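**Student:** Here it is, the structure, as structure tokens.
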Amino acid sequence: MVHNPNQHQVKAKKHLGQHFLNDETIAQKIADTLSLNGYKTVLEIGPGMGMLTKYLLQKEVTTYVIEIDTESVAYLQANYLNLASRIIEKDFLKYDLNHVFKGEAFAIIGNFPYNISTQIVFKTLEMRNQIPEFSGMFQKEVAERICSKEGSKVYGILSVLVQAFYNAEYVFTVPPNVFNPPPKVDSGVLRLTRKADYSLPCDEALFFKVVKTAFQQRRKTIRNSLKTLNLSDNLREDSIFDKRPEQLNVQQFIQLTQLIENDM
Numbered sequence: 061m062v063h064n065p066n067q068h069q070v071k072a073k074k075h076l077g078q079h080f081l082n083d084e085t086i087a088q089k090i091a092d093t094l095s096l097n098g099y100k101t102v103l104e105i106g107p108g109m110g111m112l113t114k115y116l117l118q119k120e121v122t123t124y125v126i127e128i129d130t131e132s133v134a135y136l137q138a139n140y141l142n143l144a145s146r147i148i149e150k151d152f153l154k155y156d157l158n159h160v161f162k163g164e165a166f167a168i169i170g171n172f173p174y175n176i177s178t179q180i181v182f183k184t185l186e187m188r189n190q191i192p193e194f195s196g197m198f199q200k201e202v203a204e205r206i207c208s209k210e211g212s213k214v215y216g217i218l219s220v221l222v223q224a225f226y227n228a229e230y231v232f233t234v235p236p237n238v239f240n241p242p243p244k245v246d247s248g249v250l251r252l253t254r255k256a257d258y259s260l261p262c263d264e265a266l267f268f269k270v271v272k273t274a275f276q277q278r279r280k281t282i283r284n285s286l287k288t289l290n291l292s293d294n295l296r297e298d299s300i301f302d303k304r305p306e307q308l309n310v311q312q313f314i315q316l317t318q319l320i321e322n323d324m
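One gets the working numbering by counting positions in the sequence shown from 1 and adding 60 to each.
This is how it looks when you write it as structure tokens:
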């Protein structure tokens, strides 16, 4: 159904981190970041008034949306009648999506609220078996951090954990003036494509722990930042422990985890 300009506009709510995109071209560009390979279903997080949704509905996939704001839900139900049965009125971070997707593969897309964007990524990583593709809009610095490589000042926990399972690509930058209300910073759109082989050759829970612990003291060498893991003196002689966490690429973090695993 076509958007009716007389329909009551939804007011952006600060506590939900809402900034409504009002640029058609950019909405279409974000929708077009999806390759539609390896899934038949897409979940949009935080559709608001459906600016991005309407371009998803034109694609050869089944679109679901998840929205916590009751006012936005009412707007979508009134304006997008063919979507009404696929609006999930829940909190993405708390809701078990398998009530809807039953273990099937689906892609995630959205103009993400800045205040929960990194938590959205962590939940995606937990569900990586079902999510072959993920694209969306973040605060620019967060998008850059996720896509950054070792040696960069912004390379950190998110960069390593995401890139262990996905190829991360920074697609384009979006200026503040295309939003209502405009945020105070630029936004960045990224695309994550799951790797063909995304199982790690080490204990995955330990890998997460090693990465998080190492970066908690990113200025120190790994020998010092991983002290709490009580590693043997023999292991800590390995030259990898002379480096700082931001110098290690994903593969080296996997090797480090394997070394620690064999030491336990």
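Note that CB positions come from ideal geometry on N, CA and C, so glycine has one too. In this text the structure is predicted, and so the values were computed from the model without any measurement.
Can you give the Cα-Cα distance for Gln276 and Ser285, rounded to whole angstroms?
**Tutor:** 7 Å
**Student:** Would you say the segment 199 to 212 touches the segment 225 to 233, given that touching needs at least three Cβ pairs under 8 Å?
**Tutor:** yes
**Student:** Is the beta carbon of Gln137 sitting closer than 8 Å to the one on Tyr115?
**Tutor:** no
**Student:** Quick one: any contact between the segment 213 to 221 and the segment 187 to 197, if contact means 3 or more CB pairs under 8 Å?
**Tutor:** no
**Student:** Kindly indicate which residue of Asp151, Leu112, Leu117, Phe268 has the alpha-carbon position closest to the one of Asn171.
**Tutor:** Leu112
**Student:** At which residues does the alpha helix (DSSP H) containing Ala224 begin and terminate?
**Tutor:** 217 to 225
**Student:** Please report the straight-line C-alpha distance between Lys303 and Thr93, rounded to a whole angstrom.
**Tutor:** Using only the alpha carbons, I get a separation of about 36 Å.
**Student:** Identify the continuous alpha helix (DSSP H) that holds Arg254 and give its terminal residues.
**Tutor:** Unbroken run through Arg254 is the beta strand (DSSP E), 247 to 254; no alpha helix (DSSP H).
**Student:** Would you report the Cα separation of Arg146 and Gln179, rounded to the nearest angstrom?
**Tutor:** 23 Å
**Student:** Given this structure, state the Cα-to-Cα distance separating Val121 from Glu104, to the nearest angstrom.
**Tutor:** If you draw a straight line from the Cα of Val121 to the Cα of Glu104, it comes to about 12 Å.
**Student:** Count the other C-beta atoms from every protein chain shown that fall within 10 angstroms of the C-beta of Pro242, then say buried if there are 16 or more, exposed otherwise.
**Tutor:** Flag for Pro242 reads exposed.
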